[in-house]
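First the structure, in the form of structure tokens, and then the observations on it.
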Amino acid sequence: MRVDAVFEGGGMKGIALIGAITAMEQHGYQWESVAGTSAGSIVAALLAAGYRHQELREIFETLNYLQFLKRKGLSRIPYLGSCYNLIVQKGLYPSDEIERFVGLLLLKKGIRTFGDLPKEKLRIIASDISAGTMLTLPDDLPDFEIKPETFPIAKAVRMSCAIPYFFQPYFLYKNKIPHIIVDGGLLSNFPVWLFDSKERPLWPTFGFRLNDETVPVRPQTVKSLYGLSKALLMTMMDAHDRFHVKKAEAVRTVFIPTKGYSSIDFHLSAAQRQELFDSGKKAAEDFLNKWDFNKYVTAFRSEKNNSFLV
Numbered sequence: 001m002r003v004d005a006v007f008e009g010g011g012m013k014g015i016a017l018i019g020a021i022t023a024m025e026q027h028g029y030q031w032e033s034v035a036g037t038s039a040g041s042i043v044a045a046l047l048a049a050g051y052r053h054q055e056l057r058e059i060f061e062t063l064n065y066l067q068f069l070k071r072k073g074l075s076r077i078p079y080l081g082s083c084y085n086l087i088v089q090k091g092l093y094p095s096d097e098i099e100r101f102v103g104l105l106l107l108k109k110g111i112r113t114f115g116d117l118p119k120e121k122l123r124i125i126a127s128d129i130s131a132g133t134m135l136t137l138p139d140d141l142p143d144f145e146i147k148p149e150t151f152p153i154a155k156a157v158r159m160s161c162a163i164p165y166f167f168q169p170y171f172l173y174k175n176k177i178p179h180i181i182v183d184g185g186l187l188s189n190f191p192v193w194l195f196d197s198k199e200r201p202l203w204p205t206f207g208f209r210l211n212d213e214t215v216p217v218r219p220q221t222v223k224s225l226y227g228l229s230k231a232l233l234m235t236m237m238d239a240h241d242r243f244h245v246k247k248a249e250a251v252r253t254v255f256i257p258t259k260g261y262s263s264i265d266f267h268l269s270a271a272q273r274q275e276l277f278d279s280g281k282k283a284a285e286d287f288l289n290k291w292d293f294n295k296y297v298t299a300f301r302s303e304k305n306n307s308f309l310v
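Just so it is clear: in the sequence shown, position 155 is 155 by UniProt numbering, and no numbers are missing.
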């Protein structure tokens, strides 16, 4: 059966999404249109390019997350380097390594730009904090005088993964005015509605969300600019894990417990990655055991219950 999907990431916990994808594909679901935010944008881009669960699992199980924490030049100076990056570069670590990593994987499938994919196949969600709005890429690129079909997918993923303060943001320009583009999850917006229309759907859209309401509140010690930035980051990520999804979206969303792991835990062991994978697979299997497409349409997409799309 065909299915549209929206993947919301959680930084280093993204392998849990691969577990959920494994369960979906083993149940015979095929990906039609896909979208992603934050780490979910990496997964969505690779699915759109033709990767399947076996390949994705190998990539994420062997991935050295520390490769995304490379520093250059003055930024390598202890302590002063962190302050320099925060003040001058607007983030502790460059985000170009994410772009390089995703770009190489896409090229293996012969994909580079949005124009290399069928129209409507892929949407990447980012946040324009200069305008205070959610960006849907490539749809919103013409606002910045950019042709969507020529824009590199890996660059869009880089924007969506740019956790504020942690990774350096990307800049787009509108009327020569710079707009700061960062992590698509910053606005606490889970756009599982992205592929909806007012007509009766022919196939479902499923959301895949990493969250853990059991994540404890972590006290933060603030003694420096770096400490302040880290405290702000951890508070934001913890709050996002607890963000509430309204009922009309929750009934078609696979909620994946993330076992209390942090979105910026770059030292996940093989056992921890396996635990997250298993959590995602189980969550998807439990969801599918209860899912009834016709009941969903009757309850939420019939004419009298379709008002949330207006």
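We put the beta carbon where it would ideally sit given N, CA and C, even for glycine.
Environment of residue i [buried if 16+ CB atoms lie within 10 Å]
i, result
"residue 20", "buried"
"residue 294", "exposed"
"residue 214", "Because residue 214 carries a pLDDT of 49, less than 50, the predicted location of this residue cannot be relied on, and no value is offered for it."
"residue 17", "buried"
"residue 242", "At residue 242 the pLDDT is 49, less than 50, meaning the model places this residue with poor confidence; the figure from the coordinates comes in the next sentence. Flag for residue 242 reads exposed."
"residue 266", "exposed"
"residue 1", "exposed"
"residue 204", "buried"
"residue 45", "buried"
"residue 216", "Unreliable positioning characterises residue 216 in this predicted model, as indicated by a pLDDT of 49, which lies under 50. The coordinate reading is nonetheless provided below. Label assigned to residue 216: exposed."
"residue 279", "buried"
"residue 186", "buried"
"residue 138", "buried"
"residue 258", "buried"
"residue 308", "A caution first: residue 308 carries a pLDDT of 44, below 50, which makes its placement in the model unreliable, though a value can still be read off. So residue 308 counts as exposed."
"residue 273", "buried"
"residue 211", "buried"
Proximity of residue i and residue j at Cβ, strictly below 8 Å
i, j, result
"residue 164", "residue 171", "no"
"residue 119", "residue 51", "no"
"residue 117", "residue 162", "no"
"residue 158", "residue 98", "yes"
"residue 277", "residue 209", "no"
"residue 5", "residue 144", "no"
"residue 7", "residue 36", "yes"
"residue 15", "residue 166", "no"
"residue 95", "residue 168", "yes"
"residue 284", "residue 23", "yes"
"residue 261", "residue 13", "yes"
"residue 148", "residue 114", "yes"
Residue interval of the alpha helix (DSSP H) (run including residue i)
i, result
"residue 174", "Here residue 174 belongs to no alpha helix (DSSP H); instead the beta strand (DSSP E) covers 170-174."
"residue 183", "First-last for residue 183: undefined, no H or E at that position."
"residue 153", "153-160"
"residue 298", "293-300"
8 Å contact criterion, which residue i and residue j should meet: CB distance rounded
i, j, result
"residue 192", "residue 253", "6 Å"
"residue 184", "residue 160", "4 Å"
"residue 180", "residue 129", "5 Å"
"residue 93", "residue 69", "5 Å"
"residue 33", "residue 121", "6 Å"
"residue 27", "residue 202", "18 Å between Cβ atoms; not a contact."
Continuous beta strand (DSSP E) stretch holding residue i: start and end
i, result
"residue 311", "The structure shown has nothing for residue 311, since the chain only spans 1 to 310."
"residue 125", "122-128"
"residue 30", "30-37"
"residue 5", "2-8"
Worksheet item: So does the region 151-170 actually touch the region 93-112, counting three or more Cβ pairs closer than 8 Å?
Response: yes
Worksheet item: Touching or not, the region 29-44 and the region 115-133, by the rule of three or more beta carbon pairs under 8 Å?
Response: yes
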